[in-house]
Amino acid sequence: MMLGFLLARMGVDVVVLEKHADFLRDFRGDTIHPSTLDLVYELGLLDEFLKRPHQEIRELSGQIGSDVLPLADFTHLPTHCKFLAFMPQWDFLDFVKQHAQQYPGFRLLMNTEAIDVIEQNGAIVGVRARTIDGELQIRAALVVGADGRRSVIRERAGLKVIDLGAPMDVMWMRVSRQADDSTQTFGHFDRGRILVLLNRDTYWQAAFVIPKGEADRVRSRGLDAFRQEIAQLAPFLRNRLDEIRDWNDVNLLTVAVDRLADWARPGLLCIGDAAHAMSPIGGVGINLAIQDAVATANLLGEKLLKGVPSVSELRAVQRRRAFPTRATQWVQVTIQNRIIRNVLGRDTPVSAPGPLKLLRHWPVLRRIPARIIGVGVRPEHIRTPDINSRR
Ligand SMILES: Cc1cc2nc3c(=O)[nH]c(=O)nc-3n(C[C@H](O)[C@H](O)[C@H](O)COP(=O)(O)OP(=O)(O)OC[C@H]3O[C@@H](n4cnc5c(N)ncnc54)[C@H](O)[C@@H]3O)c2cc1C
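Position 183, counted from 1, in the sequence shown is what my numbering calls 175; the numbers after and before it change by one each time, with no gaps.
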């Protein structure tokens, strides 16, 4: 959607396919990072964007065993917004759609599922899609696979996936928030369990982290045992855990961390989760996907106005974005293997490692995780023009 918006904004004809009838899906990534908010600012849309309902998170903290530690402080970032914004992904996508549709070159086809690529002489020249009215073929100078971590486009194009592995899956649920609850967004780590609580104003978006593939075992122990495990980590929730009425209230995220060896083939480029599924650690998946979209528009927009970009021009996107992807995944995989695997693998009390305790005594150090999460590696900037401003 973001790439479609940026390209249409500079005069390129774009068709965006979305297989669902709407963007309404719960428990998707809802974090809009300060570097993404800077892009919204560069588009001149920040004030309007911040009028949409959202929560602003200025600090993150964690409870490791009995130690409560401040982990990240976003208030000193060199960005316009010194906070993470939580906004449901459908509101964010709706905002992008509303602005993209002001450009004549933008077309969004809902209920339209890409099912295959069209190949000619070794190049991809379009896609085949399923619609409620039958099959559709769309020819294009460039097909962009931005269809998420189970990308059909990357699979049909035969792009090789490098799986980096993840030791955990995540069970997501909602629990109501009460006026006297903490305002913090919180991670609790103890005795083989991890619970992350995201403050969504009227409710907590709760992520219960389990060892990879253990969801059926957790379910087989029963809902009462599950509620009990959550209450042990966050006793203040105990009186509301009946709100989790059955397993339908608990959504499973199968965590994957992977990336493509090659993001491009003649006529095709993959970006976002389709090029690199991210671990939920740091909640950076949306941010990286959007940075990819901005880099793609910057590098390929002018070329698309003139014709068909060559494969080496398409690979320029991977050259630009591979380092941020690899660096972020390296941090995530290190945390997964050194901390998460360790906590999930033991049934004894855990305590905070020494270096993390420094964050309590040296507030300035909290700016480092804030920078890694909030801005990340090699943030992009909007370099593409707006056809409306030329009129
Ligand atoms: C439960 C969960 C929680 C997450 N939490 C966070 C978070 O807090 N913060 C964060 O930054 N990231 C989070 N993520 C990751 C984040 O959602 C992704 O990294 C990000 O959305 C990637 O964007 P994308 O555009 O590449 O792919 P997606 O957001 O997956 O978008 C792909 C779109 O393509 C559509 N689609 C798929 N296949 C087809 C097809 N064949 N034809 C047409 N349309 C198709 C899908 O319906 C979808 O709308 C979370 C992910 C999950 C699953």
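Even for Gly, the Cβ is constructed at its ideal location relative to N, Cα and C.
Buried or exposed (CB count within 10 angstroms, at least 16 for buried), residue i
i	result
residue 329	exposed
residue 68	exposed
residue 354	exposed
residue 113	exposed
residue 196	buried
residue 26	buried
residue 358	buried
residue 44	exposed
residue 316	buried
residue 4	buried
residue 90	exposed
residue 338	exposed
residue 23	buried
residue 46	buried
residue 190	buried
residue 356	exposed
residue 381	exposed
residue 70	exposed
residue 35	buried
residue 297	exposed
residue 216	exposed
residue 273	buried
residue 313	buried
residue 16	exposed
residue 92	buried
residue 360	exposed
residue 39	exposed
residue 139	buried
residue 347	exposed
residue 137	buried
residue 302	exposed
Cutoff 6 angstroms; reference residue i; Cβ partners in own chain excluding five residues on either side
i	result
residue 66	50, 74, 75, 362, 366
residue 242	163, 165
residue 59	344
residue -2	289, 376
residue 372	283, 286, 287
residue 95	0, 1
residue 278	21
residue 33	72
residue 104	9, 121, 123
Cut-off 7 angstroms between Cβ atoms - residues of its own chain near residue i, not counting five sequence neighbours on either side
i	result
residue 377	2
residue 407	The first residue shown for the chain is -7 and the last is 383, placing residue 407 beyond what the model contains.
residue 244	161, 163, 207
residue 48	75, 77
residue 129	110, 118, 120
residue 374	31, 34, 35, 286
residue 218	210
Same chain only: Cβ atoms within 8 angstroms of residue i, ignoring 5 sequence neighbours per side
i	result
residue 131	110, 117, 118
residue 194	168, 169
residue 141	248, 250, 265, 266, 269
residue -6	88, 281, 282, 285, 286
residue 224	182, 183, 185
residue 159	203, 204, 328, 329, 332, 333, 336
residue 349	59, 61
residue 154	250, 251, 252, 253
residue 368	25, 27, 276, 279, 280, 283, 316, 320
residue 57	181, 182, 341, 342, 343, 344
residue 293	-2, -1, 2, 4, 376
Proximity test, residue i beta-carbon vs ligand 3 heavy atom, cut-off 8 angstroms
i	result
residue 27	Ligands displayed in this structure: ligand 1; ligand 3 is not among them.
C-beta neighbour in chain C for residue i, strict 9 angstroms
i	result
residue 164	Judged by its chain identifiers, the structure shown contains no chain C, having just a single protein chain.
Quiz item: Where are the beta strand (DSSP E) runs, 3 residues long or more, that stay fully inside the region 62 to 140, in chain order?
Solution: 76 to 78, 98 to 101, 105 to 112, 115 to 123, 126 to 131, 135 to 137
Quiz item: Is it a yes or a no for the region 182 to 190 touching the region 329 to 348, going by three-plus beta-carbon pairs under 8 angstroms?
Solution: The region 182 to 190, when compared against the region 329 to 348, does touch it at the 8 angstroms Cβ threshold.
Self-check item: Contact the region 300 to 311 vs the region 251 to 259: 3+ CB pairs below 8 angstroms
Solution: The region 300 to 311 is in contact with the region 251 to 259.
Quiz item: At which residue ranges does the region 277 to 305 contain complete alpha helix (DSSP H) runs of 4 or more residues, listed in the order of the chain?
Solution: 277 to 298
Quiz item: For the 8 angstroms Cβ check, are there 3 or more pairs between the region 193 to 212 and the region 133 to 150?
Solution: no
Quiz item: Are at least three pairs of beta-carbons, each pair with one atom in the region 232 to 250 and one in the region 117 to 125, less than 8 angstroms apart?
Solution: Too few Cβ pairs lie closer than 8 angstroms, so no.
Quiz item: At what residue ranges does the region 4 to 69 contain a whole run of the alpha helix (DSSP H), taking only runs of 4 or more?
Solution: Taken in chain order, the whole alpha helix (DSSP H) runs of length 4 or more contained in the region 4 to 69 are 26 to 34, 38 to 42.
Quiz item: What are the start and end residues of each continuous alpha helix (DSSP H) run of 4 or more residues lying completely inside the region 302 to 356, in chain order?
Solution: With a minimum length of 4 residues, the unbroken runs of alpha helix (DSSP H) contained wholly in the region 302 to 356 fall at 303 to 327, 333 to 336, 346 to 353.
Quiz item: Counting only runs that start and end within the region 223 to 283, where is the alpha helix (DSSP H) found for 4 or more residues in a row?
Solution: none
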